[in-house]
Amino acid sequence: MLKRYWVLTAILLISSFIYATGLHFSEASLFQKNELKTGFDFSIPYEEAKKIIQTYYPHLSTDQEVVDFVETRKIQRLETEDGLRFFSDFEQNLFYRDPELQARHPEWTEKTRPLVSAFLEEYNSVTQLTDTFKPRITPYFKPRTIYVDYSISVPKDELPDAGFLKLWVPLPLLSSYQNNISFMDIQPQEAVQGYPIVDGDIAYLYLRFDMETVSDPLDIRVAYTYTRYQQHFDIDENRLATYDTDSPLYQTYTKSAGNITFDGRFRELALRIVGNETNPYRQARLIYDYVVDHIYYSFMAHVYYEAEGIPESVVVLENGYGDCGSQSIFFTALCRSIGIPARTTGGFQLFSDHLGTHFWAEFYLPEYGWIPVDTSAGQIANYTSGITEEERSAFKAYFFGNLDPLRLTVQNDVDISPAVPPEDVQYLEMVLQLPYIDCQYGNETFDVTYSLLSRVVERIRVVR
Numbered sequence: 044m045l046k047r048y049w050v051l052t053a054i055l056l057i058s059s060f061i062y063a064t065g066l067h068f069s070e071a072s073l074f075q076k077n078e079l080k081t082g083f084d085f086s087i088p089y090e091e092a093k094k095i096i097q098t099y100y101p102h103l104s105t106d107q108e109v110v111d112f113v114e115t116r117k118i119q120r121l122e123t124e125d126g127l128r129f130f131s132d133f134e135q136n137l138f139y140r141d142p143e144l145q146a147r148h149p150e151w152t153e154k155t156r157p158l159v160s161a162f163l164e165e166y167n168s169v170t171q172l173t174d175t176f177k178p179r180i181t182p183y184f185k186p187r188t189i190y191v192d193y194s195i196s197v198p199k200d201e202l203p204d205a206g207f208l209k210l211w212v213p214l215p216l217l218s219s220y221q222n223n224i225s226f227m228d229i230q231p232q233e234a235v236q237g238y239p240i241v242d243g244d245i246a247y248l249y250l251r252f253d254m255e256t257v258s259d260p261l262d263i264r265v266a267y268t269y270t271r272y273q274q275h276f277d278i279d280e281n282r283l284a285t286y287d288t289d290s291p292l293y294q295t296y297t298k299s300a301g302n303i304t305f306d307g308r309f310r311e312l313a314l315r316i317v318g319n320e321t322n323p324y325r326q327a328r329l330i331y332d333y334v335v336d337h338i339y340y341s342f343m344a345h346v347y348y349e350a351e352g353i354p355e356s357v358v359v360l361e362n363g364y365g366d367c368g369s370q371s372i373f374f375t376a377l378c379r380s381i382g383i384p385a386r387t388t389g390g391f392q393l394f395s396d397h398l399g400t401h402f403w404a405e406f407y408l409p410e411y412g413w414i415p416v417d418t419s420a421g422q423i424a425n426y427t428s429g430i431t432e433e434e435r436s437a438f439k440a441y442f443f444g445n446l447d448p449l450r451l452t453v454q455n456d457v458d459i460s461p462a463v464p465p466e467d468v469q470y471l472e473m474v475l476q477l478p479y480i481d482c483q484y485g486n487e488t489f490d491v492t493y494s495l496l497s498r499v500v501e502r503i504r505v506v507r
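Numbering (this note's numbering), first residue to last: 44 to 507.
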């Protein structure tokens, strides 16, 4: 299929490079691992899925009615050698995509009420008083120092006895709103290749192990602190400078590429959304409002789309749903399609005692820089009952041009590779939230990957 052409081409190019440099991942193994990825997201057999569906929709009594329901609701599923398999998180998606089901289960929409109320009290009230508490010359204020302890411990009998193992561990990326990165501990020191990379467009620690000499268990620890700022932009929307359309920044962040692929359909939709508006700030706000109110939140089969070479922007356009990353990619694609520089940035959110994977978006305005936008966060208000319409509007409005400090940014955009990139097929390559892993032997079916990823432990705390 055409949609898979660029994936297979990339695999062939990578394998040619690997062959030329004498490494040990063959063209066949790369292709087979990519094929294996297609089924990772789909674990629920049809009969089990049917029972789940009929639990919430008991009037669907026959197989044909269930099949028609699945087709109409665009429920993610995959035909495999073992029969039809459904997306692992499809039950949660039933709620996100069906307001009537939410109404029948009010406990589902009540659970986020404390979060919305606490967030508005903590952050929106401060934003309303920024003239008092924040200097107008900077959009960054109220810093938080955050401690992260990231570790992996794997028994040696789950790892190969020979060859090499390489890991790329995500780190905080240095920026105007995230700085003062200080490493407390990195172990084992002898495995570290070069220095921690915290500048550029993606941040990581590169480790390489000789499997004949590793300890039992293999213990990895990276502990650090960093400072993160709350963001609030005071935009004079009536006095915006024009874009330098010949600049590298503009050319880079208005192009169609990778997961942020767009065509005439995106431009047509974006122009329909913005209407006669020509101001890029107000255009971006109209696009933000559209995504928040018209794109259902939905957990996504990211690994499948990547293996099949389907851009995430296209998935959202054609299905009308997406999670934090997919929605942000869609927002970015719509902005780029009408000439607004935009990117999909992120890494983690820190609303609990561990790193929660999360992505959001930014669009660029001359003289202001990158303006944060988080559609899926703002969308939480749409799935919350027991709040006033004023609270709902305030919560949604906050995430356009403002951002809380409980975040850890790893990369400036999706589809960015480290300077020394992985050579093997990765579990998920478009973002560095799980460590990238190259293992010379024993990882043909991702066994080593599973062992390592299942033992990642993160402990975080806000120091001050």
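Cβ coordinates follow ideal geometry from the N, Cα and C atoms, glycine included.
C-beta atoms of residue i and residue j nearer than 8 Å
| i | j | result |
| --- | --- | --- |
| T427 | A404 | no |
| D490 | E466 | no |
| L377 | I330 | yes |
| D244 | I459 | yes |
| I189 | Y99 | no |
| I195 | L495 | yes |
| Q236 | P448 | no |
| G444 | P415 | yes |
| Y347 | Y364 | no |
| L408 | E501 | no |
| D192 | A313 | no |
| L73 | T488 | no |
| F342 | N136 | yes |
| Q454 | V468 | no |
| Y296 | R386 | yes |
| Q221 | T375 | no |
| I96 | F112 | yes |
| R450 | R271 | yes |
Own chain residues within Cβ distance below 6 Å of residue i, not counting five before or after
| i | result |
| --- | --- |
| D174 | The predicted position of D174 is uncertain, since its pLDDT is 45 and thus under 50; a value taken from the coordinates is nonetheless stated next. No residues qualify anywhere along the chain. |
| P323 | I383 |
| T64 | The predicted position of T64 is uncertain, since its pLDDT is 38 and thus under 50; no value can be drawn from it. |
| C367 | H401, F402 and S419 |
| V257 | none |
| Q326 | V317 and E320 |
| F252 | L208 and A234 |
| W151 | F138 and Q145 |
| Y333 | I316 |
| V499 | I195 |
Paired residues, beta bridge with residue i - DSSP
| i | result |
| --- | --- |
| T388 | W403 |
| R498 | Beta-bridge pairing links R498 to no other residue. |
| Q274 | Y183 and L446 |
| E122 | L127 |
| A300 | I303 |
| C482 | L208 |
| A266 | D192 and D228 |
| V235 | L250 |
| G82 | Answer by DSSP bridge pairing: none, since G82 is not bridged. |
| Y99 | Y99 pairs with nothing; no bridge assigned. |
C-alpha distance - residue i paired with residue j, whole-angstrom precision
| i | j | result |
| --- | --- | --- |
| A300 | L208 | 31 Å |
| E434 | F162 | 11 Å |
| A205 | I263 | 19 Å |
| V359 | T115 | 16 Å |
| V286 | K199 | The identity of residue 286 in the sequence shown is Tyr, whereas the question assumes Val. For Y286 and K199, the distance between alpha carbons rounds to 55 Å. |
| D125 | F226 | 48 Å |
| A462 | L210 | 13 Å |
| Q145 | N425 | 11 Å |
| T431 | I372 | 30 Å |
| E355 | P260 | 38 Å |
| Q43 | T105 | Past the boundaries of the shown model lies residue 43; the chain is included only from 44 to 507, so the question cannot be answered. |
| S380 | K94 | 42 Å |
| L172 | L446 | Residue confidence for L172 is low, a pLDDT of 49 falling below 50, so the modelled location carries little weight; the figure read from the coordinates is stated next. Spanning the two alpha carbons is a distance of roughly 15 Å. |
| T155 | P203 | 45 Å |
| Y411 | S395 | 31 Å |
| L55 | V109 | Note that L55 has pLDDT 37, beneath the 50 cutoff, so the model's placement of it is unreliable and the number below is only indicative. Their backbone Cα atoms lie some 41 Å apart in a straight line. |
| A350 | N77 | 6 Å |
| D277 | I180 | 9 Å |
| P142 | V457 | 31 Å |
| L127 | Q370 | 27 Å |
| E515 | V357 | Given a span of 44 to 507 for the chain in the structure shown, any question on residue 515 remains unanswerable. |
Cβ neighbours of residue i in the same chain (closer than 8 Å, five flanking residues each side left out)
| i | result |
| --- | --- |
| I240 | L214, A246, Y247, L248, Y249, P461 and A462 |
| R310 | S380 and I381 |
Chain D within 8 Å of residue i, Cβ atoms only
| i | result |
| --- | --- |
| T431 | In the displayed structure, chain D is absent; only one protein chain is listed. |
Near the ligand MG: residue i beta-carbon under 7 Å from a heavy atom
| i | result |
| --- | --- |
| A92 | The ligand MG is absent from the structure shown, which contains no ligands of any kind. |
Cβ shell of residue i (< 7 Å), same chain only, five flanking positions each side left out
| i | result |
| --- | --- |
| L217 | I224, V241 and D242 |
| V506 | T188, I189, Y190 and T268 |
| T492 | Y470, I480 and N486 |
Below 8 Å, can you find three or more Cβ-Cβ pairs linking the segment 76-89 to the segment 118-132?
-> yes
Could you tell me whether the segment 437-457 touches the segment 232-242, where touching means 3 or more Cβ pairs closer than 8 Å?
-> no
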